[in-house]
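In case it helps, the numbering used here puts the sequence shown at residues 29 to 206.
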Amino acid sequence: MGRTKRWQIKWLLSLVCLALATAAYFYQIPTSATEHKEAILEAAQKLPQSGVLKKNWDGYIYLKVDDDYIHQLFPLIHENGFHKPSSLHRPSRIGAHISVFYKDEAASRKPITEVGQSYSFRVKNFTHVSTKQKDYAIIEVDSPELEKLREKYGLPPKLFNHEFHITIGDKNKRYYVP
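Structure (structure tokens):
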């Protein structure tokens with residue numbers, strides 16, 4: 029094999045390696061995403077799966093859960109642009125929580141007498157949801173107790189037919205450019 033031919037083969041192999049490295053950089057392999065999701069779910073299932081029903085000053089009612097849902101799970105997200113949720117930093121400092129009644133729902137009903145009571149839930153899934161302005165990393169939970177509570181007050185079992193969830197991170201689309 030001539031010197032030119034060997035050089036061409038080396039050059040071609042280098043080009044193939046560069047193409048593979050570039051593809052690996054820009055493409056997330058599904059198994060790593062699955063492992064990532066499983067690690068978050070495994071850690072979430074070790075946290076307490078109950079909370080206390082609380083009412084905010086504006087009438088918003090939520091299940092206060094352990095802030096470790098944010099502090100322990102957020103570092104496991106491993107995706108650029110995500111931040112701990114604003115519920116940790118707002119003046120109300122609600123922290124980790126599950127929304128149960130929005131303020132307009134609670135205001136139009138008789139008083140919610142269950143505030144202060146404990147409710148349990150089961151960790152179900154880790155996923156992402158999007159709105160026009162933000163992406164959210166959430167832990168979906170199942171809670172027949174919270175569904176029954178909403179139904180007791182004449183409401184559908186879930187808020188806007190969405191799963192109950194704990195937000196562990198968010199990304200503002202307007203300010204983040206990948």
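All C-beta atoms in this analysis are idealised placements derived from N, C-alpha and C, irrespective of residue type, glycine included. These numbers were taken from a predicted model, which means no experiment stands behind them.
Problem set entry | residue 90 and residue 128 closer than 7 Å at C-beta | As a first step, residue 90 must be located in the sequence shown, where it is residue number 62. As a first step, residue 128 must be located in the sequence shown, where it is residue number 100. Cβ distance < 7 Å, so residue 90 and residue 128 count as in contact.
For this session: Would you tell me roughly how many angstroms separate the C-alpha atoms of residue 108 and residue 137, rounded to the nearest one?
Result: Working through the sequence shown from its first residue, we reach residue 108 at position 80. Working through the sequence shown from its first residue, we reach residue 137 at position 109. Computed Cα separation, rounded: 41 Å.
Problem set entry | Contact set for residue 84: own chain, Cβ-Cβ below 8 Å, skip 5 residues either direction | In the sequence shown, counting from the first residue as 1, residue 84 sits at position 56. Here the set comprises 90, 120, 122, 131.
For this session: Please state whether DSSP places residue 130 in a helix, a strand or coil.
Result: Position 102 of the sequence shown, counting from 1, holds the residue named residue 130. Residue 130: coil per DSSP, three-state reduction.
For this session: Would you mind stating whether residue 173 and residue 152 have Cβ atoms separated by less than 7 Å?
Result: Taking the first residue of the sequence shown as position 1, residue 173 is located at position 145. Taking the first residue of the sequence shown as position 1, residue 152 is located at position 124. In this structure, residue 152 does not lie closer than 7 Å to residue 173 by Cβ.
For this session: Decide if residue 198 is buried, meaning its Cβ has at least 16 other Cβ atoms within 10 Å, or exposed.
Result: What you label residue 198 is simply residue 170 of the sequence shown in a count that begins at 1. That one is buried.
For this session: Please go through the same chain and pick out, in chain order, the residues whose beta-carbon is closer than 6 Å to the beta-carbon of residue 79, but skip the five residues on each side of it.
Result: Taking the first residue of the sequence shown as 1, we reach residue 79 at position 51. Excluding positions up to five away in sequence, the list reads 91, 92, 93.
Exercise. Of all the options 196, 201, 170, which has the alpha carbon lying nearest to the alpha carbon of residue 186?
Worked result: The residue given as residue 186 occupies position 158 in the sequence shown. Of the listed residues, the one whose Cα sits closest to residue 186 is 170.
For this session: Would you check if the distance between the CB atom of residue 102 and the CB atom of residue 196 is smaller than 7 Å?
Result: What you label residue 102 is simply residue 74 of the sequence shown in a count that begins at 1. What you label residue 196 is simply residue 168 of the sequence shown in a count that begins at 1. For residue 102 and residue 196, yes; Cβs fall inside 7 Å.
Problem set entry | Candidates 183, 104, 125: closest to residue 140 by CA position | Counted from its first residue, the sequence shown places residue 140 at position 112. Among 183, 104, 125, the Cα nearest to that of residue 140 belongs to 183.
Exercise. Starting from residue 177 and walking both ways along the alpha helix (DSSP H), at which residues does that stretch end?
Worked result: Position 149 of the sequence shown, counted from the first residue, corresponds to residue 177. That run of the alpha helix (DSSP H) goes 172-180.
Exercise. Taking all protein chains shown into account, do 16 or more other C-beta atoms lie within 10 angstroms of the C-beta of residue 124, making it buried, or fewer, making it exposed?
Worked result: Residue mapping note: residue 124 aligns to position 96 of the sequence shown, counting from 1. By the neighbour-count rule (16 or more Cβ atoms within 10 Å), residue 124 is buried.
For this session: Determine the direct distance from the alpha carbon of residue 148 to that of residue 77, and round the result to whole angstroms.
Result: Stepping through the sequence shown from its first residue, residue 77 is reached at position 49. Stepping through the sequence shown from its first residue, residue 148 is reached at position 120. Cα to Cα, residue 77 sits roughly 6 Å from residue 148.
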